[in-house]
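J.:
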Amino acid sequence: MLSKLKLSFKGGVAALAVAAAGVAMAAPGAPASGPSALQRSEALGRQFLQNAGQWDSRALYHASTPGLDYWITRDGAVYDFFAPAPDNDKAMQKRHSVQMSFIGAKTVEGTGLDKSQVQNQFINPNGTKVASSFGRVVAKDIYPGIDSLHYFNEKKGVRYDLIVRPGADASKIRMRFSGATGVRVDTKGDLLLNTSIGEMGMGGLYVYQVVDGARKAVKAEFRTFGKNEAGFQIGNYDRSKPLIIDPLVYGSYFGGDGGTDKVSGVVSEPDGAIYMTGYTQASTFPALQGGYIVQYRGARDAFVTRFRGDAYNIDYNTFLGGSGRDEGLFIATDPSGQSLYILGKTTSTDLLTPLPATIRSQALQPNRKNATDLFMFRFDKVGATGLKPGYGSYFAPSTGNFLDDPIGFKVAPSGLILVAGTVDGEVPKAKNSVTEGNIFVTAFSTRGRSIRYSRYFGRGFAQLGAMDVDKNGGFFLAGTAVPGFPLYSNRLANGLTIQGPSDAFVAKFDAETSNPIFSAAIGGREDDFG
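Under my numbering, think of the first position of the sequence shown as 239, with each following residue one higher.
(1) Compare the C-alpha of Arg235 against each of Ser409, Arg312, Ser599, Asp748 and name the closest.
(2) Do you know whose CA, among Gly405, Lys607, Ile361, Ser339, lies nearest Ala624's CA?
(3) Give the single residue among Asn555, Asp318, Tyr398 whose Cα lies nearest to the Cα of Leu431.
(4) From what residue to what residue does the beta strand (DSSP E) around Ala377 run?
(5) Give the DSSP-derived three-state secondary structure of Thr591 in the structure shown.
(6) Checking 8 Å against the spacing of the C-beta atoms, do Gly516 and Phe541 come in under that value?
(7) For Ala264, which three-state DSSP category applies?
(8) Measure the CB-CB distance between Ile772 and Ala650 and report whether it falls below 8 Å.
(9) Starting from Arg606, trace the beta strand (DSSP E) in both directions and tell me its first and last residue.
(10) Tell me whether Thr596 sits in a helix, a strand or coil according to DSSP, three-state version.
(11) Do Val346 and Lys378 count as a contact pair if the criterion is CB distance below 8 Å?
(12) What whole-angstrom Cβ distance do Val445 and Leu481 have, given they're in contact under 8 Å?
(13) Taking the C-alpha atoms as reference points, what is the distance between Leu590 and Ala634?
(14) How many Å lie between Lys619 and Gly420 at the Cα?
(15) Starting from Gly659, follow its DSSP beta bridges and name the residues at the other end.
(16) Cα separation between Ala668 and Val505?
(17) Output the distance between the C-alpha atoms of Thr596 and Ser586, rounded to the nearest integer angstrom.
(18) Using DSSP bridges, identify the partner residues of Ser692.
(19) Select from Asp662, Ala716, Gly653, Arg697 the residue whose C-alpha is nearest the C-alpha of Ala704.
(20) Out of Thr751, Tyr299, Phe695, which one is the CA nearest neighbour of Tyr389?
(21) When you compare only the Cα positions, how much space is there between Leu227 and Asp611?
(22) According to DSSP, is Ala199 helix, strand or coil?
(23) Along the beta strand (DSSP E) that carries Ile645, what are the first and last residues, could you check?
(24) Using DSSP with H/G/I as helix, E/B as strand and the rest coil, what is Ala408?
(25) Just to confirm, are Met514 and Gly529 a CB contact at a threshold of 8 Å?
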């Protein structure tokens, strides 16, 4: 069922491609030829995302691998290793940050290579930023005649090459690991960094030259200098040819992953394009070196991603986040196909801050009311190149709280936007009394700028399970009913009677007026659930 697809994944962009591969059959058209979806998704994950102002200015590029956030800086790189906190607490994460700097080297602004066609848009309290992603990043002449090149290997591990041009002195290369409590070389020749969450390090050191079109290995090993410095001991080589020093950065001594992200809403279009929403763990450049624990209550951003009709290629990512926890729950398109609507939940007080003042002034609820409110955003499509925010608002009950996440979010053929869920208080513009049930449906007008009506339904301990709309302007609710539940205009045999302690129910309403058309029970003498 596409509307409840859930995935755990590593490295946000790649995971979204895996998700698309899983729902590719939802899009019309023949499957694309060439590499498999998995192969393409892995390639998409091997990207360095440019800092366009969405992070601390010390960070130039960012990449994620299992157990490691990798930040390229002007004087080297920051390894932010992580592992689950004790008792596998998903709201916490133990981390240890190590700054690798090249001692005596020149500070360099890295240059991205192999630019991706994917556009990444960040909408946050600092404003809207557009960032590119790259397959490789090079920093030229960190030492005279020596470049550093950051990239991914075939297993998605981060590597950096030190490219020593003819005549340059490789012995000048020395690295300081600030934040590590010690460094050592083990019996396998790996360089290990001692951290609060275990020994991390660099392995698979490979030094070579290209001679007559083939790689020729050069004898080399790591060498330590004091508590937290290291370099390379390199054997004889031809100094008239380039020398490549190639270590692998890894954190696999403890395992770990890139954080649990979720795809919660999927919608496809007639041309086969697929849109997804959900949440992703927000990356933050570490302020200090050493060990620390992250509370993840404020580290989620909602996202919208567009895939092309072949379901393998991403056109763009849009990330939406404030200072709190923001999650996309549902996504829908309007009848014209020109706008997307996102319904989600947030703890942020500043989620609307980056929107233009003219858009913020139209919000039905401009400020967060409860600890967690719903939010609704409208994005107007800009071809296949991106999304432009057109409307945004918080949404909370007039009194009380929503009892759980919304169950349904649909756009009717007329353009009315319907939200269904459960509430323990009052929702705005209700057409009937709250005593008539805790299930509610709220209809927003076309474009989302006003509420047409709200309606309660259910009575007792009724539970809502699903909502949908039909092409004729009706909306349906389904769920679980108990004795006392309103049943009328029977369309099913025995549909006007609750047969057991609980039965499934289905009800239809006119979307324009919210007037009920029918409500019927489905079940036997035992418990039945809808």
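Just so it is clear, CB atoms sit at the ideal spot from N, CA and C, and this is done for glycine as well.
T.: Here's the rundown:
(1) Here the chain comprises residues numbered 239 to 768, so residue 235 is not present and cannot be evaluated.
(2) The sequence as given places Gly at residue 624; Ala does not occur at that position. The candidate whose alpha carbon is nearest that of Gly624 is Ile361.
(3) Closest in C-alpha terms to Leu431, from the list Asn555, Asp318, Tyr398, comes Asp318.
(4) In this chain, the beta strand (DSSP E) harbouring Ala377 covers 371-381.
(5) The DSSP-derived three-state label of Thr591 is coil.
(6) Contact annotation: Gly516 and Phe541 have beta-carbon atoms nearer than 8 Å.
(7) Because the pLDDT of Ala264 is 31, which lies under 50, any placement of that residue in the model is unreliable, and the question is left without a value.
(8) The chain is shown from 239 up to 768; residue 772 falls before or after that span and cannot be answered.
(9) For Arg606, there is no enclosing beta strand (DSSP E), as DSSP marks it with neither H nor E.
(10) Looking at Thr596 - three-state DSSP - the assignment turns out to be helix.
(11) Result yes, Cβ atoms of Lys378 and Val346 sit closer than 8 Å.
(12) Correct: roughly 7 Å between the Cβ atoms.
(13) Between Leu590 and Ala634, the C-alpha separation is close to 15 Å.
(14) In a straight line, the C-alpha of Lys619 is about 52 Å away from that of Gly420.
(15) Phe678.
(16) The straight-line gap from Cα to Cα measures roughly 29 Å.
(17) C-alpha separation (whole angstroms): 20 Å.
(18) Assignment of beta-bridge partners to Ser692 by DSSP yields Ala668, Thr680.
(19) Just measuring C-alpha positions, the residue of Asp662, Ala716, Gly653, Arg697 sitting nearest Ala704 is Ala716.
(20) Of the residues Thr751, Tyr299, Phe695, the one whose Cα lies closest to the Cα of Tyr389 is Tyr299.
(21) With the chain running from 239 to 768 in the structure shown, residue 227 is simply not present.
(22) Here the chain covers residues 239 to 768 and nothing more, so residue 199 does not appear.
(23) Membership of Ile645 in any beta strand (DSSP E) is not indicated, and neither H nor E is assigned to it by DSSP.
(24) Helix at Ala408.
(25) It is not a contact, given that the beta carbons lie outside the stated cut-off.
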